[in-house]
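Participant: Residue numbering for the sequence shown follows our numbering, beginning at 65 and increasing consecutively.
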Amino acid sequence: MNVEWFVRQLEYPELTRRWLQGLGVRDLDRGTRDIEDLGRHAGPDARPRLARLAVLFDTHLPRSSDPGMALANFERHVAVLPDPAAGLDRLISRPRTVEILLQVFSTSQHLSDLLIRRPELIDWLQAGAERRDRGTLIADLWSTLTGPEAEADARLAIRRFRLRETLRIGYNDIVRGFPLEVTTTDLSHLADACVEAAVRLARANAERRYGSPARADGEPARFAVLAMGKLGGVELNYSSDIDLIFLYDEDGATAGPRVVSNAEFFARMSAEVVQLLSDHTTLGIAYRVDMRLRPEGDQGVLARSLDATLNYYVNRGRTWERQALIKCRPIAGDPDLGAGFIAAITPFVYRRYLSAAEISEIKSLKRRIEQRTVSAGRADTEVKTGRGGIRDVEFVVQFLQLLHGGEYPVVRSANTLEAIDRLEQVGSLTAEERGVMDDTYRFLRQVEHRLQILFDRQTHEMPRSMEELRTLAIRMGYLPLGPLEDRSGPADRFLADYRGKTELNRRILNHILHQAFLDGEGDGEEADPVVDLVLDPDPSEEHVSSVLSRYPFRDRAAAYQNLMALAREDFPFLSQARCRHFLASIAPRLLQAVGKTADPDLTLANLERVSASLGAKAILWELFAFNPPSLRLYVELCATSQLVSRILTNNPGMIDDLMDSLVVDRPLPGAAIKGELAELTRGSIEDLAPILWSFRNKEWVRIGARDVLSREPIREVARELADVAEAIVGQVARDQWSRRVKKYGAPTRPADGGRDRWAILALGKLGGRELNYHSDLDLVFLHESDGFTAGPEATSNQQFVADVAQRILKAMAGGSGGMLYQVDTRLRPHGAAGPLVNTLEAFAGYYASAAQSWERLALTRGRVVFATGGFGRHVDEAIRSILARPVDAEALGRDVAAMRRRLEGSRGPKDLKRGAGGLADVEFVVQYLMLVHAAGRPDVLRPNTWEALDALAAAGALPADLHRELRDIYNFLFSLDARLRLIHDRAGAELPTEPEDLTRLARRLKYDAPDATEAVSAFLLDAARYTTRARAIFQQVVPAGDAAG
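1. Determine which residues share a DSSP beta bridge with P284 and list them.
2. How about the region 783-792 and the region 731-741: do they share at least three Cβ pairs that are nearer than 8 Å?
3. With R833 and R927 assumed to form a contact (beta carbons below 8 Å), what rounded beta-carbon distance in angstroms separates them?
4. How about V929 and L846: are their beta carbons less than 8 Å apart?
5. Output needed for A980: all residues of its chain with C-beta closer than 7 Å, excluding positions within five of it in sequence on either side, in chain order.
6. Does the beta-carbon of E531 have 16 or more other beta-carbons within 10 angstroms, so that it is buried, or is it exposed?
7. Since S369 and E314 should fall inside the 8 Å C-beta cutoff, what is the C-beta to C-beta distance between them, to a whole number of angstroms?
8. Could you check where the alpha helix (DSSP H) with L1085 kicks off and where it finishes?
9. Would you decide whether H344 is buried or exposed? Buried here means 16 or more other CB atoms lie within 10 Å of its CB.
10. Go ahead and label F637 buried or exposed: buried means 16 or more other beta carbons lie within 10 angstroms of its beta carbon, across all protein chains shown.
11. If you draw a straight line from the C-alpha of G717 to the C-alpha of I755, how long is it?
12. Determine the direct distance from the alpha carbon of G296 to that of L487, and round the result to whole angstroms.
13. Below 8 Å CB to CB, which residues in the same chain sit around T504 once its five sequence neighbours on both sides are set aside?
14. Give every residue of the same chain whose Cβ lies closer than 7 Å to the Cβ of E139, excluding the five residues on either side of it in the sequence, and list them in chain order.
15. Answer yes or no: do I222 and L340 have a C-beta to C-beta separation smaller than 8 Å?
16. Along the beta strand (DSSP E) that carries T903, what are the first and last residues, could you check?
17. Please go through the same chain and pick out, in chain order, the residues whose beta-carbon is closer than 6 Å to the beta-carbon of H253, but skip the five residues on each side of it.
18. Which one or two residues does DSSP pair with R819 in a beta bridge?
19. Could you pull out every residue in the same chain whose Cβ sits closer than 6 Å to the Cβ of R673, ignoring the five residues on either side in sequence?
20. Would you tell me roughly how many angstroms separate the C-alpha atoms of A33 and L577, rounded to the nearest one?
21. Taking the beta strand (DSSP E) that F759 falls in, what are its first and last residues?
22. In chain order, which alpha helix (DSSP H) runs of at least 4 residues are fully inside the region 1006-1040?
23. So what does A291 bridge to, in DSSP terms?
24. For L1044, which residues of its own chain have a beta-carbon under 6 Å away from its beta-carbon, when the five flanking residues on both sides are left out?
25. For V1116, is the classification buried or exposed, using 16 other Cβ atoms within 10 angstroms of its Cβ as the cut-off for buried?
26. Could you please give the first and the last residue of the uninterrupted beta strand (DSSP E) stretch that includes R418?
27. Indicate whether V162 and Y235 have their beta-carbon atoms separated by less than 8 Å.
28. Under 8 Å between the Cβ atoms of G957 and P1103?
29. Select from G192, I164, K681 and L347 the residue whose C-alpha is nearest the C-alpha of H124.
30. Using the beta-carbon count (16 or more within 10 Å), is S917 buried or exposed?
31. I'd like to check one pair, R455 with I484: are the Cβ atoms closer than 8 Å?
32. If you follow the alpha helix (DSSP H) that A1073 is part of, which residue opens it and which one closes it?
33. List the endpoints of the continuous alpha helix (DSSP H) containing L732.
34. Grab me the residues of E1029's own chain with a C-beta within less than 8 Å of its C-beta, minus the 5 sequence neighbours each way, in chain order.
35. Which term fits D256, buried or exposed, when burial requires 16 or more other beta carbons within 10 angstroms of its beta carbon?
36. In chain order, which continuous runs of the alpha helix (DSSP H) of length 4 or greater are located wholly inside the region 498-572?
As structure tokens, then:
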């Protein structure tokens, strides 16, 4: 910098102000005076000195957190030097020293005052300021207090030592960037040394007055100081209170000029310890001592014997005191006495399990702390107790330590960061949670340090003005990015990080404690004993029976075993602790939901079996804790469907697909189902079977879940089940056709040499697009014409298509995964005696000349589910032509009635399809009416029963009242059939006869009358009403139908 230019700055204050403003100084009046004062300190030959100093200011002040504060403190520092001009020369010759001073002077007024009071300490700091271990600090302070140059007032010596060492620690923190845990450890060890010194001084003083205290055995009575809170955790702040408890080993008396009891001796001694540390002096205090965590708090004696202290905790200790004792650490006095207390108190702190009542007490304490902060309007600005603040981390850690410390001793650490790591080791925290909590805790403690180190005040509140926030942000390392950034940029970036970190922090607290263990907001609400049952590692049989008696389990011992199986991970690399934690959190809701099902014992057994197959149960319990509808769904599926339970057990990965499908919350159209399967089978795949089997199961689970939850009408369920089967049949057909073509060449038409086309015709439930769970597929294979394949191993078209059909049947029979579908091909011309494959011409000729009435009825449900080259249209036209021929209604009626009698006789009276008034009655009515009216109204021909009912009504072939009745009957019976198939996981459905089975069925069908007998009666009444009407309508509509009985 040009000397003349700088001198002009001094001669013209306005130029000085502009220069200072450019450096970032806000109080320009004060800054101008500081520059003027530095000019006076520089002496008569000030110009070169000041110019060199200005260069240093230009370099370092803009990068400091508070340039004005740094400049003011620098001026004060120079002013107290013995020879300010010489001192300034020395500083200017040491640019690094100036940089360090400006860094400290802009960050901490407290440390600045120390350096200004003792400027020689800057050389001491730069000479090393290395860390000093706990033992060295204790020895150095005691030497200072007892050496030949010891001060008369020990209190001042302790404070002087503490101030010097705090300056060293702050220098390493601010200038050298030591990690958080180094700073907190050094601050804690410094406090340990000061407390140890105070204990030695106070004991020596007391013994001079009263003599030495003795135990009953004549040995000297021992005394120990226990640190709690941050000092106990070796994580002290710059301006923390120190929480202490005083302890002596036995009652007794002193042996001296004035005999007093040990209780009085140690009470007086303890009071002096507090005074030595916290009395106000010319150097302030050493530490604020807080004794409120001692037994009985402010009402308790200052020092207690070991036995009295232990008795208090065992007999009267509260949960919050157990939580506080997690951070207990002996720091002064007799180390063996302190260690003995820790060993004796550990079983009280870390019990076998944390009860539900204790969990509620912890939550209540946290709420009260938060409410105070909210009431003060500091929820978003309080670093310690605000939302997502330091206390959130500490509460999560301490809660998990109390929850799991009885089983996992490794988590018993007083230090928060160390405990976070150990909780991840045992699986109580996930790696992500550990990372968030570790990062947030370090960040917030650093904010706390920067707030406290400024004036050595115990504050945790963020500044509210933007300028003060900017200063804090820069102290936290959010430096200005350059002239293009707004002045508020550092503060904006800091606040964004602060809010993001605290929000994540809060989510973890809610996830692990508040939301996981739901209860009322009141402190007095009774805790649910089921939580205790899950957390207790060894409950008595009486306790198990008592707790589970609240639920309608028939076998409580088995229910307990299933519950305990749910609380265990079955794989050693998964977290047992986290699994039990989150199961306990949902156990009340889970058992309430299970207890409301038709068969709680079976539901819980299914739930255990499915969960065991899934693995990682803790993740499932976490999902249920925060998404109660998913819990209810899971219980409902395990209660209602053996089919869905079996599939989920054998295919644990499908639970994710299931949850995803329920989020979408709508049925899938057939095109979407086919498109998904096509995507899954894209490319060259040697074995389709595993893909097809998995796809079918996934779709059955999806559809079954929606069915159980009544998310869609039963006709939509039937339609989706049919579309799944159609997609699989089509995919298998394409695959097998292409494989055969590679061997034999493509079949050709003799007439024009074109490709022989083929189709698969579905009849029955698949043809009607109203498939049920475990329904057979009735298939007929058709092709266009005779001829031969055009390949090196030529074969006839008939043989080629028959070979493809046989392979389709084999594929549908399934591979290692099991059967895909049972396929029935007996509805082809001539039945089992006829060829497996027919030309369309032969097929049409058979129906024109030889088909019986039952075959024509079956053909009303014919629908092409796969075809090539537009061949399906020809098949559809042929079918409509066959069905539209006039019929003799009377003769057809007699045939239909006869067929109905045969079907009814082939099954028991309770069969939902073939029994009297069953599904077959409705289907035969519809099919009969279609054949009777198709000649005049071909639009009534609909393969789907529901659609056919609507078409017949629209054509006037079915009265409106009968249309409504038949539709309602079909909905009821089809739904009942589907539900029984879901429940029992098998084809065919009969109404149960046992009262217990009927009760469970009625409950599963949502007959919710409080009394089981009433629910069963209501269900049976509906079933009788619908089947009676179905039979009556059949007899009314079909000539000779009354012959069916």
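Glycine is no exception: its CB is placed at the ideal position from the N, C-alpha and C atoms.
Facilitator: The relevant details are as follows:
1. As a position in the sequence shown, residue 284 is number 220, starting the count at 1. P284 pairs with A278.
2. Result yes; three or more Cβ-Cβ pairs closer than 8 Å.
3. Your numbering for residue 833 matches position 769 in the sequence shown. Your numbering for residue 927 matches position 863 in the sequence shown. Yes, R833 and R927 are in contact; Cβ-Cβ is about 7 Å, under 8 Å.
4. Within the sequence shown, the letter at position 865 stands for residue 929. Within the sequence shown, the letter at position 782 stands for residue 846. It is not a contact, given that the beta carbons lie outside the stated cut-off.
5. The residue you call residue 980 lines up with position 916 of the sequence shown. Excluding sequence neighbours, A980 sits near E968, P973, T1091, R1095 and G1109.
6. The residue given as residue 531 occupies position 467 in the sequence shown. Exposed is the call here.
7. For the purposes of this step, residue 369 is taken as the residue at position 305 of the sequence shown. For the purposes of this step, residue 314 is taken as the residue at position 250 of the sequence shown. Yes, S369 and E314 are in contact; Cβ-Cβ is about 6 Å, under 8 Å.
8. For the purposes of this step, residue 1085 is taken as the residue at position 1021 of the sequence shown. Taken as a continuous stretch (DSSP letters only), the alpha helix (DSSP H) holding L1085 covers A1076 to V1101.
9. On the sequence shown, residue 344 is found 280 positions in, with the first residue counted as 1. So H344 ends up on the exposed side.
10. Counting from 1 along the sequence shown, the entry for residue 637 is found at position 573. By the 10 Å Cβ count, F637 comes out exposed.
11. The residue given as residue 717 occupies position 653 in the sequence shown. The residue given as residue 755 occupies position 691 in the sequence shown. Distance between the alpha carbons of G717 and I755: 14 Å.
12. For the purposes of this step, residue 487 is identified with residue 423 of the sequence shown, where counting begins at 1. For the purposes of this step, residue 296 is identified with residue 232 of the sequence shown, where counting begins at 1. Roughly 19 Å between the two C-alpha positions.
13. The residue you call residue 504 lines up with position 440 of the sequence shown. Within the same chain, T504 has close Cβ partners G452, V457, K565, T566, L568 and N569.
14. Counting from 1 along the sequence shown, the entry for residue 139 is found at position 75. Only D98, D101 and L102 meet the Cβ criterion.
15. Position 158 of the sequence shown holds residue 222. Position 276 of the sequence shown holds residue 340. Their beta carbons are under 8 Å apart, which means I222 touches L340 by this criterion.
16. As a working mapping, residue 903 is identified with position 839 in the sequence shown. Its beta strand (DSSP E) spans residues V901 to T903.
17. Walking along the sequence shown from the start, residue 253 turns up at place 189. Same-chain partners within the cutoff: R198 and L201.
18. Here residue 819 refers to the residue found at position 755 when the sequence shown is read from its first residue. In the DSSP output, where bridge partners are listed per residue, R819 has T812.
19. The count along the sequence shown starts at 1 and reaches residue 673 at position 609. Taken in chain order, the residues that qualify are T713.
20. A question about residue 33 goes unanswered here, because the residues of the chain that appear run from 65 up to 1109.
21. Translated into positions along the sequence shown, residue 759 becomes position 695. No beta strand (DSSP E) holds F759; the alpha helix (DSSP H) holding it covers A753 to V772.
22. 1009-1018
23. Locating residue 291 in the sequence shown gives position 227, where the first residue counts as 1. Looking at the DSSP output, A291 bridges to L308 and R393.
24. Looking up residue 1044 in the sequence shown gives position 980. Result list for L1044: A1053, in chain order.
25. Here the chain covers residues 65 to 1109 and nothing more, so residue 1116 does not appear.
26. Along the sequence shown, read from residue 1 onward, the residue named residue 418 stands at position 354. As written in the sequence, residue 418 is Leu, which differs from the Arg given in the question. Unbroken run through L418: none, as it is neither H nor E.
27. Stepping through the sequence shown from its first residue, residue 162 is reached at position 98. Stepping through the sequence shown from its first residue, residue 235 is reached at position 171. No, they are not a contact pair.
28. On the sequence shown, position 893 is the one that residue 957 refers to. On the sequence shown, position 1039 is the one that residue 1103 refers to. Contact flag set, yes.
29. Start at 1 with the first residue of the sequence shown, and residue 124 comes out as number 60. With distances taken between Cα atoms, H124 lies closest to I164.
30. Here residue 917 corresponds to residue number 853 of the sequence shown, with the count starting at 1. The residue in question, S917, is buried, as its Cβ has 16 or more Cβ neighbours within 10 Å.
31. Here residue 484 refers to the residue found at position 420 when the sequence shown is read from its first residue. Here residue 455 refers to the residue found at position 391 when the sequence shown is read from its first residue. Going by C-beta atoms, I484 is not nearer than 8 Å to R455.
32. Indexing the sequence shown from 1 puts residue 1073 at position 1009. First-last for A1073: undefined, no H or E at that position.
33. Start at 1 with the first residue of the sequence shown, and residue 732 comes out as number 668. Taken as a continuous stretch (DSSP letters only), L732 belongs to no alpha helix (DSSP H), as it is neither H nor E.
34. Your numbering for residue 1029 matches position 965 in the sequence shown. Result list for E1029: R1093 and I1097, in chain order.
35. By one-based count along the sequence shown, residue 256 stands at place 192. Buried.
36. Here the runs fully enclosed are 530-539.
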